[in-house]
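Since the structure comes first, as structure tokens, the remarks are kept for the end.
Numbering (my numbering), first residue to last: 65 to 207.
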């Protein structure tokens, strides 16, 4: 249960951080129109960002299942996360549904962004595991 709470809080935090970063870029490059849109919808956007963050963080529990390959674990997490992202984005109006090609481009950009974030977490955790293994070897060599 603690792990689910931890993943939920992490997802909310990461979703909120991404919303803040994208909002800063949007205000800087999008000008007044983007700023007004953000101000008028800030509460719903904040809730949506946290829901999306949770949608990606909770399914990461799949990595506890060592019987699944890393590829299967990745596909499960990303499929659930992307589904929640797309549904939430349609609900709050983040996806430009008036433009057929715009939808495809939006989903592809989101998928690339998600894969880059996943790769960052993967590399970080791999380095942490390597550092822990080095510490264990040092302790074993002392004895």
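In this text, a Cβ means the ideal position worked out from N, Cα and C, and glycines have one as well.
Kindly list the residues whose CB is nearer than 7 Å to the CB of residue i, restricted to its own chain and excluding five residues on each side of it in sequence; keep chain order.
| i | result |
| --- | --- |
| residue 90 | 98, 102 |
| residue 87 | 102 |
Below 8 Å on the Cβ atoms is my contact criterion, and I expect residue i with residue j to pass it. Report the Cβ-Cβ distance as a whole number of Å.
| i | j | result |
| --- | --- | --- |
| residue 75 | residue 122 | 6 Å |
| residue 148 | residue 184 | At roughly 20 Å, the Cβ-Cβ gap does not stay under 8 Å, so residue 148 and residue 184 are not in contact. |
| residue 156 | residue 112 | 5 Å |
| residue 81 | residue 110 | That pair is no contact at about 12 Å. |
For residue i, does the three-state DSSP call read helix, strand or coil?
| i | result |
| --- | --- |
| residue 184 | helix |
| residue 92 | helix |
| residue 117 | helix |
| residue 163 | coil |
| residue 132 | coil |
| residue 170 | helix |
| residue 65 | coil |
Could you give the distance in angstroms between the alpha-carbon of residue i and the alpha-carbon of residue j?
| i | j | result |
| --- | --- | --- |
| residue 77 | residue 71 | 10 Å |
| residue 200 | residue 158 | 47 Å |
| residue 154 | residue 115 | 13 Å |
| residue 100 | residue 94 | 10 Å |
| residue 194 | residue 202 | 12 Å |
| residue 181 | residue 206 | 38 Å |
| residue 191 | residue 133 | 19 Å |
| residue 142 | residue 187 | 17 Å |
| residue 130 | residue 104 | 45 Å |
| residue 145 | residue 175 | 10 Å |
| residue 169 | residue 106 | 24 Å |
| residue 96 | residue 196 | 49 Å |
| residue 173 | residue 204 | 47 Å |
Within a Cβ cutoff of 8 Å, which residues of the same chain sit near residue i, ignoring the five residues on either side of it in sequence?
| i | result |
| --- | --- |
| residue 108 | 156 |
| residue 68 | 122, 125 |
Practice task
Count the CB pairs spanning the region 134-143 and the region 154-166 that are closer than 8 Å, and state whether there are at least three.
Solution key: no
Handout entry: Inter-stretch contact at 8 Å, needing at least 3 Cβ pairs: the region 164-173 / the region 124-132
Key = no
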